[in-house]
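Since the structure comes first, as structure tokens, the remarks are kept for the end.
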Ligand code: PLP
């Protein structure tokens, strides 16, 4: 009998945030068990509603949004993105440099598909948001992971970046603020990364989807604004700051000199055309989101839900014997470290599965973010404080007797 296998292109592609453990969780739910899912950064399902004005604009424009738009997106949406970047100091862009995609996810894949040939390398942080690594593999390239240093509040290790550059390195990915670590990169580090990119002719891919989710005194700097002489691909979208992940709206801005990347831009345009356009009615939410009052600010200040949840989760995690956690400066996650010796850890997928089966809470193992040791898990800080408190207490109860 003829069998059909997945393509060889998918051999090294992995996306564990929705991976095999989620299938176990679904099975338990089918059996009637209540599972607390702390595995996905999906604000709306935890009671973080999208701002009303987004819905109003989408609904108002729905009757006239039946056709395709330009492949790069609606002019009004792209103009709003362009103006928002100009306001933060990225001047060398015009509307033609903005691409709207069905989420940043689509743009990540397109940005790699348009660039990479077999053997090309892209530097990616470790831990990473795993779609970057997966998209590079799918595109025939090789993700080369540079370490982010937990001891330095998860800032990128510049020496490690330099060591890993080869003649095949085409670009470097920066996720700032970072998923999963919650790090927000300092201006100094970003300037140094820019210098490395400058000296080695690298394209910078700046995934800034959490750019407005910042706690305490954290300040976000767009690397494109710090290095106007470099070609930078900056990405963000509606999923996190605007709590509208289901709208599937993301954008990508190409800034800096373009002469030497004409061929690449041709590739990006080709891929944008091939998928015709992003969902049109939902593109109308972009202008509404970026202009005017930024309601995310209510959530991230002390007394706001996100701030309080992150702080409490961080404190509770550090109270667990054998667990330590850096305080997130931005984004929606905590990435605690577990004492490998104390828990005799050698398989973090097993750890997450054991916790799910025993306590009915779903986390994602650190290796799902291409972390190199089985000693981290990622926790989403989105549930209401009572639920989050309960989940972390269950984690403490589970770990109290856990050894692999
Ligand atoms: N980039 C990062 C760092 C993310 O954490 C996510 C989603 O969690 C994405 C990109 C994808 O976002 P989107 O919903 O826009 O596809």
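Residue numbers (UniProt numbering): 1 to 404.
Every residue gets a Cβ at the ideal spot worked out from N, C-alpha and C, and that includes glycine.
Three-state class that DSSP yields for residue i in the structure shown
| i | result |
| --- | --- |
| residue 196 | helix |
| residue 156 | strand |
| residue 99 | strand |
| residue 171 | strand |
| residue 1 | coil |
| residue 281 | helix |
| residue 346 | coil |
| residue 367 | helix |
| residue 219 | coil |
| residue 377 | strand |
| residue 388 | helix |
| residue 62 | helix |
| residue 290 | helix |
| residue 266 | helix |
Cα-Cα separation between residue i and residue j, rounded to whole angstroms
| i | j | result |
| --- | --- | --- |
| residue 220 | residue 184 | 7 Å |
| residue 356 | residue 50 | 30 Å |
| residue 378 | residue 247 | 25 Å |
| residue 306 | residue 352 | 24 Å |
| residue 249 | residue 78 | 12 Å |
| residue 286 | residue 254 | 18 Å |
| residue 9 | residue 121 | 16 Å |
| residue 197 | residue 145 | 16 Å |
| residue 292 | residue 242 | 13 Å |
| residue 19 | residue 191 | 36 Å |
| residue 167 | residue 31 | 53 Å |
| residue 272 | residue 398 | 47 Å |
| residue 297 | residue 151 | 29 Å |
| residue 173 | residue 109 | 13 Å |
| residue 345 | residue 375 | 7 Å |
| residue 140 | residue 179 | 24 Å |
| residue 227 | residue 403 | 48 Å |
Heavy atom of the ligand PLP within 7 Å of residue i beta-carbon
| i | result |
| --- | --- |
| residue 124 | no |
| residue 217 | no |
| residue 105 | yes |
| residue 245 | yes |
| residue 407 | Because the chain spans 1 through 404 in this model, residue 407 falls outside it and cannot be assessed. |
| residue 207 | yes |
| residue 384 | no |
| residue 344 | no |
| residue 242 | no |
| residue 175 | yes |
| residue 239 | yes |
| residue 131 | yes |
| residue 250 | yes |
Nonlocal neighbours in the same chain, by C-beta distance under 6 Å from residue i, ignoring five residues either side
| i | result |
| --- | --- |
| residue 13 | 134, 137, 138 |
| residue 165 | 200 |
| residue 409 | This structure cannot speak to residue 409, because the chain is shown only from 1 to 404. |
| residue 126 | 145, 147, 370 |
| residue 69 | 277, 280 |
| residue 367 | 348 |
| residue 342 | 322 |
Strand pairing of residue i, partner residues [DSSP]
| i | result |
| --- | --- |
| residue 330 | 214 |
| residue 234 | 206, 253 |
| residue 147 | 126 |
| residue 324 | 337 |
| residue 361 | 36 |
| residue 142 | 121 |
Beta-carbon proximity list for residue i, same chain, < 8 Å, skipping 5 on both sides
| i | result |
| --- | --- |
| residue 86 | 93 |
| residue 217 | none |
| residue 67 | 280 |
| residue 88 | 222, 225 |
| residue 329 | 153, 177, 182, 183, 184, 214, 215, 216, 218 |
| residue 231 | 203, 204, 254, 255, 256, 257, 258, 260, 261 |
| residue 189 | 155, 156, 158 |
Beta-carbon proximity list for residue i, same chain, < 7 Å, skipping 5 on both sides
| i | result |
| --- | --- |
| residue 324 | 318, 336, 337 |
| residue 392 | 313, 316, 317 |
| residue 25 | 35, 37, 356, 362 |
| residue 372 | 126 |
The ligand NAD heavy atom lying under 7 Å from the CB of residue i
| i | result |
| --- | --- |
| residue 172 | The ligand NAD is absent from the structure shown, which contains only the ligand PLP. |
Residue i at chain C interface by Cβ criterion, 8 Å
| i | result |
| --- | --- |
| residue 349 | Considering every chain present, this structure includes no chain C. It has just one protein chain. |
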